[in-house]
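Read through the structure below, which is laid out as structure tokens, and then see the notes.
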Amino acid sequence: MFIVFSKASTDPIFWNESTNEANHSLVTEFIFLGLSDSQELQIFLFALFFVFYVGIVFGNLLIVITVTSDSHLHSPMYFLLANLSFIDLSLSSVTAPKMIADFFRKRKVISLKGCLAQIFLLHFFGGSELVTLIAMGFDRYVAICKPLRYTTIMCSNVCIGIVVAAWGVGFLHSVSQLAFAVNLPFCGPNKVDSFYCDLPRVIKLACADTYRLDIMVLANSGILTVCSFVLLIISYTIILMTIQRRPSDRSPKALSTLTAHITVVLLFFGPCIFIYAWPFPTKSLDKFLAVFYSVVTPLLNPIIYTLRNTEMKIAMRRLRQWNLNFSVKS
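What follows is the structure, given as structure tokens:
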């Protein structure tokens, strides 16, 4: 069997040499195998992930609203934190709602276009979050290692430029990823052993030699993720050494903030490295990491930043008091 292209259409036609006939039956949808075949377990998972997703929406929106409404939090660190929370909310919304709805469906189906859209949005928000985490690390480096120049370096124009760059890099990264998959021919198996579409899984279903594409994905996503993670670890190590050499009254607060940042970096980059750069994938681990990356991490991030940040907790109490006063007056 080989592929030809019709002059009247750009869709590939699969030609069967044994029968000398063309086969037009291309794959137009993919079937998710999901997390479990057990109906009882799926009901439990539905309740669990529904609560998780509500927590993701509430927690991340709360951070965005608190930072936006409280003038005390109008600083570069909290500006980047609000952007991170918005990205986390968007990233989880790409996969979680469909996963939750599919728990009650025997046939978990997604169209080819819907699958490509998931790939695009996942890498768009994932690439944006990667740059945002690097920017937050740079912000802490300047604040702790160059405190006298902090307001000059991290001015409003720089912060806006960083956010624009984060979304721009996410878009370029996503387009480059989608370019690998959009022209792939799919004519055979269409079952994805997961609950969402991602490039490494979808490439394996293509009716073509995908060795070069696997290498491109590794170079594009895997190496980018590993290099960014190493860069962040080096920068945080320098910051910790600076705090030890120059202790001050603000050192405990800096260490607390730094611990939250490092924890979030580990939660984000850990699963990404195993998904895109680990050479020995296993199905059970891949599913666990996919859940962790798309649902658990966006839920834990707002918890980490609010529980370990005194200013955020005070600002949330002010926001709650303002809402109570407004309700009494109205």
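Using this note's numbering, the first residue of the sequence shown is number 26, and each one after it goes up by one.
The beta-carbon is built from N, C-alpha and C at its ideal position, and this holds for glycine as well.
Predicted, not measured: the structure shown is a model, and the values here were computed from it.
- Query: Looking at Glu336 and the ligand ATP, is the gap between the Cβ and the nearest heavy atom below 7 Å?
  - Reply: The ligand content of the structure shown is nil, which means the ligand ATP is not present either.
- Message: From the DSSP secondary-structure annotation, give me the bridge partner or partners of Val217.
- Response: Phe57
- Roughly how far, in whole angstroms, is the beta-carbon of Ser110 from the beta-carbon of Ile88, given that I think they are within contact range, below 8 Å? 4 Å
- Message: Going by C-alpha to C-alpha distance, which of Asn348, Cys140, Arg343 sits closest to Lys216?
- Response: Cys140
- Message: Quick check on DSSP: helix, strand or coil for Lys133?
- Response: strand
- Message: If we require 4 or more residues per run, which alpha helix (DSSP H) segments fall completely within the region 275–314?
- Response: 276–301
- Indicate whether the contact test is met: 3 or more Cβ pairs, each with one atom in the region 179–194 and one in the region 206–216, closer than 8 Å. no
- Going by alpha carbons, who is nearest to Trp347 out of Thr91, Gly59, Tyr103? Thr91
- Item | Proximity to Ala142 [Cα-Cα], best of Ala302, Leu224, Ser94, Lys278 | Leu224
- Buried versus exposed, by CB contacts within 10 Å (16 or more), Thr262: exposed
- Task: Report buried or exposed for Met124, applying the criterion of at least 16 other Cβ atoms within 10 angstroms of its Cβ.
- Result: buried
- Task: Would you kindly report the start and end of the unbroken alpha helix (DSSP H) that includes Tyr103?
- Result: 101–127
- Query: Mind pulling the beta strand (DSSP E) runs of 3 or more residues that sit fully within the region 130–211?
  - Reply: 133–136
- Query: Just checking my contact of Thr177 with Leu105 at CB under 8 Å: how many whole Å lie between their CB atoms?
  - Reply: That belief does not hold up - the Cβ atoms of Thr177 and Leu105 are roughly 17 Å apart, past 8 Å.
- Item | Alpha carbon of Thr284 to alpha carbon of Gly151, nearest angstrom | 22 Å
- Query: DSSP state of Cys222, grouped into three classes?
  - Reply: coil
- Can you grab the Cα-Cα spacing for the pair Phe55 / Lys171, in whole Å? 52 Å
- Helix, strand or coil at Cys232 according to DSSP, with G and I counted as helix: coil
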